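In the working numbering, the protein residues as written are 695 to 1036.
Spelled out as structure tokens, the structure:
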């Protein structure tokens, strides 16, 4: 079973029906979330800026697309900083550790970002292994993923196996059923973690499966996130969830916990570092490009939400969302918050 963190969303009560003739129209109206507002004017943008003190941002599809910075993002972030807003970056991309994200921000011209302002699924996973599972430090972690996971686990004192080991990721790795990763399982591995890996091959998947089956399927199984896709340079590519589902299906096991958005472990980490937001979640807003991860993450955490249309979702979808799934606001891009107020 996938562990859930934080309160579950409770839908509104069923609307009262007046008569049979009006039932369909009333149901149609009741199932449409009328409060989803598009930010299109200076007043809209200014009211939003005035209302919130804590701005939580997804990165891919909001701040950048791949290595391409989106329009007016730098100016928007600078505007928020000048107004003494707290800026927090919340990402499901596990290929980088927090320190790597700081380098990417600098490379794209976004200066002054601190490590404590970045919350990634790799970091949340490492904290889960350490604080929730309380895995002893003499136990190792098998990694189906990239260096971001390894780095965050290493910083908390864990040794990792698999991951970016050259035997698993070298170009032209040929499958060998007698490979040591399949025949000599490390007895010190006490946990299996999985997420996105761009160096995917049959050996890596099969080795992960062996650990998931080990000890009658008793090793804890933790996933970074379950995004089926992620956007890159105008394309949708395979996401962590698609890889996690592969080993889940093969082993007959679902993750015991999912640490990235929309699950609330990451929100708990953010609230622990930002007591003002914990005391008054109405002063916070989650900005993202995905309905099923970013918007749900914010909503389940008690925050308002802003969907930007620079990533996954389209306006025609937003305008027909059922009650309880629509964002509080939506905008063409994050940079509109700066451009509209000038």
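Ideal Cβ positions, reconstructed from N, Cα and C, are used throughout, including at glycine.
On a predicted model such as this, the values are computed, not experimentally measured, just so you know.
- Your pair residue 886 and residue 915 checks out as a contact, with CB atoms roughly 5 Å apart and the cut at 8 Å.
- Judged by beta-carbon spacing, residue 989 lies within the 9 Å limit of residue 1019, meaning their Cβ atoms are closer than that value.
- Per DSSP, the unbroken alpha helix (DSSP H) holding residue 768 starts and ends at 767-776.
- Inter-residue distance for residue 767 and residue 776 is about 14 Å (C-alpha atoms, whole angstroms).
- Residue burial is scored here from C-beta neighbours: residue 1023 has at least 16 other C-beta atoms within 10 angstroms and is therefore classed as buried.
- A contact between stretches requires three or more CB pairs, one per stretch, nearer than 8 Å, and the stretch 754-774 fails this requirement with the stretch 867-874.
- Only residues of its own chain outside the window of five on either side were considered, and among them 856, 875, 893, 895, 897, 898, 901 have a CB closer than 8 Å to the CB of residue 862, listed in chain order.
- Residue ranges of uninterrupted beta strand (DSSP E) with 3 or more members, entirely inside the stretch 821-855 and ordered along the chain, are 834-838.
- In the DSSP assignment, residue 865 falls outside any beta strand (DSSP E), carrying neither H nor E.
- A Cβ-Cβ contact shorter than 9 Å links residue 985 with residue 1007.
- Here the alpha carbon of residue 963 sits roughly 30 Å from the alpha carbon of residue 733.
- With contact defined as three or more Cβ pairs closer than 8 Å, the stretch 938-950 and the stretch 963-978 are not in contact.
- With a minimum length of 4 residues, the unbroken runs of alpha helix (DSSP H) contained wholly in the stretch 933-984 fall at 934-945, 959-967, 969-973.
- At the C-beta level, residue 971 and residue 821 stay beyond 9 Å of one another.
- Taking C-alpha positions only, residue 918 is separated from residue 737 by approximately 39 Å.
- Cβ-Cβ separation between residue 750 and residue 992: approximately 7 Å, consistent with a contact (criterion under 8 Å).
- In the DSSP assignment, residue 886 is bridged to 836, 915.
- Going by beta carbons, residue 934 and residue 788 fall inside the 9 Å limit.
- Only residues of its own chain outside the window of five on either side were considered, and among them 733, 1031, 1034, 1035 have a CB closer than 6 Å to the CB of residue 739, listed in chain order.
- Burial is judged here by how many other beta carbons sit within 10 angstroms of a residue's own beta carbon; residue 955 has at least 16 and is buried.
- Here residue 730 is not near residue 790, since their CB atoms are 9 Å or more apart.
- Residue 903 and residue 952 have their alpha carbons spaced roughly 18 Å apart.
- Residue pairing by DSSP places residue 748 opposite 780, 978 in a beta bridge.
- In chain order, 758, 763 place their CB closer than 7 Å to the CB of residue 802, counting only its own chain and leaving out the 5 sequence neighbours on each side.
- For residue 902, the secondary structure class from DSSP, reduced to helix, strand or coil, is helix.
- Bounds of any alpha helix (DSSP H) do not take in residue 1003, whose DSSP letter is neither H nor E.
- DSSP places residue 756 outside both helix and strand once states are collapsed to three, so it counts as coil.
- Inter-residue distance for residue 891 and residue 780 is about 32 Å (C-alpha atoms, whole angstroms).
- Residue pairing by DSSP puts residue 1025 in a beta bridge opposite 1002.
- The Cβ atoms of residue 889 and residue 835 do not sit closer than 9 Å to each other.
- Per DSSP, reduced to three states, the secondary structure at residue 801 is helical.
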